[in-house]
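Protein chains in written order, with this note's numbering: chain A, 4 to 114; chain B, 10 to 119.
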């Protein structure tokens with residue numbers, strides 16, 4: 004799995020967009036970018052994933068640069084309930100093996 | 010659907026005791042996983058299973074054992090508990106692109 008780099012922490016005002024960056028400069032052609040989050044004291048929660056096209060679902064948008072060396076998870080209208088640790092994970096899709104969680108980005112959404 | 014359930018939610022063990030953490034899923038997933046999360050750290054894989062009767066070691070398997078006799082259940086056994094096993098344990102199921110996690114078991118070994 005390719006190594007990822009995320010900022011350790013970020014702040015965002017409630018109602019504003021939260022843009023969480025992830026650097027994965029060694030990503031290979033068949034590796035996907037996955038995002039999970041972990042709200043305090045809960046199990047991680049899958050958010051979104053993508054290969055090279057931008058993706059959007061009801062929770063978030065994922066923007067992947069054309070060279071695929073970095074990506075940004077966008078929470079369009081952050082709420083206090085979005086305060087969590089966000090993990091960017093790069094790996095071959097659906098190989099059946101477990102995810103390599105790093106330290107992630109701790110996002111604090113403030114009123 | 011209940012999703013992934015774990016019992017107990019909390020447990021305190023004495024050094025040298027043994028226990029089994031229970032995990033069950035009702036989504037008919039072939040893949041199941043056990044992770045541990047130490048305070049302030051990311052999750053680390055202990056064991057995983059790709060189907061009933063098939064298990065394999067993850068990154069930190071020492072001190073643990075697993076079994077998978079049914080699709081639904083994936084218990085984690087701690088033998089001779091040690092303070093280093095104080096952690097929060099998460100069970101998960103599903104394919105790697107969308108794993109479903111249980112609520113966790115908080116274990117303290119004193």
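A virtual CB, placed ideally from N, CA and C, is assigned to each residue, including glycine.
What you are looking at is a predicted structure, and each value in this text was computed from that prediction instead of being measured.
By Cβ distance, which residues of its chain are closer than 8 Å to residue i, with the 5 residues on each side in sequence left out?
i: residue 77 (chain B); result: 41, 58, 60, 61, 62, 63, 64, 83
i: residue 53 (chain A); result: 35, 36, 65, 67, 74
i: residue 69 (chain B); result: 45, 53, 54, 55
i: residue 104 (chain B); result: 38, 40
i: residue 95 (chain A); result: 4, 33, 34, 35
Terminal residues of the continuous beta strand (DSSP E) containing residue i?
i: residue 34 (chain B); result: 28 to 34
i: residue 66 (chain B); result: 63 to 66
i: residue 52 (chain A); result: 48 to 53
i: residue 34 (chain A); result: 34 to 41
i: residue 46 (chain B); result: 41 to 46
i: residue 53 (chain B); result: 52 to 60
i: residue 74 (chain B); result: 73 to 75
i: residue 24 (chain B); result: Run containing residue 24 (chain B): none; DSSP gives neither H nor E here.
i: residue 15 (chain B); result: 13 to 16
i: residue 69 (chain B); result: First-last for residue 69 (chain B): undefined, no H or E at that position.
Cβ atoms of residue j and residue i: under 9 Å apart, would you say?
i: residue 47 (chain A); j: residue 63 (chain A); result: no
i: residue 113 (chain A); j: residue 25 (chain A); result: no
i: residue 29 (chain A); j: residue 92 (chain A); result: no
i: residue 95 (chain B); j: residue 19 (chain B); result: no
i: residue 59 (chain A); j: residue 50 (chain A); result: no
i: residue 89 (chain B); j: residue 26 (chain B); result: yes
i: residue 45 (chain A); j: residue 112 (chain B); result: yes
i: residue 116 (chain B); j: residue 23 (chain B); result: no
Tell me, please, which residues DSSP counts as bridged to residue i.
i: residue 65 (chain A); result: A:58, A:76
i: residue 22 (chain A); result: A:77
i: residue 8 (chain A); result: A:26
i: residue 13 (chain A); result: A:110
i: residue 95 (chain B); result: DSSP, once it has assigned bridges, lists no residue as partnering residue 95 (chain B).
i: residue 1 (chain A); result: The requested residue 1 (chain A) does not occur in the structure, where chain A is confined to residues 4 to 114.
i: residue 86 (chain B); result: B:29, B:74
i: residue 102 (chain B); result: B:41, B:109
i: residue 114 (chain B); result: B:98
i: residue 94 (chain A); result: A:35
Leaving aside the five residues before and after residue i along the sequence, list all residues of the same chain whose C-beta is less than 7 Å from its C-beta, in chain order.
i: residue 107 (chain A); result: 9, 88, 89, 90
i: residue 110 (chain B); result: 13, 99, 101
i: residue 85 (chain A); result: 21, 78, 110, 112
i: residue 81 (chain B); result: 33, 34, 35
i: residue 71 (chain A); result: 30, 55
To which residues of the same chain is residue i closer than 6 Å at the C-beta, ignoring the five residues directly before and after it?
i: residue 16 (chain B); result: 31
i: residue 12 (chain A); result: 109
i: residue 2 (chain A); result: Since the first residue shown for chain A is 4 and the last is 114, residue 2 (chain A) is missing from the structure and cannot be characterised.
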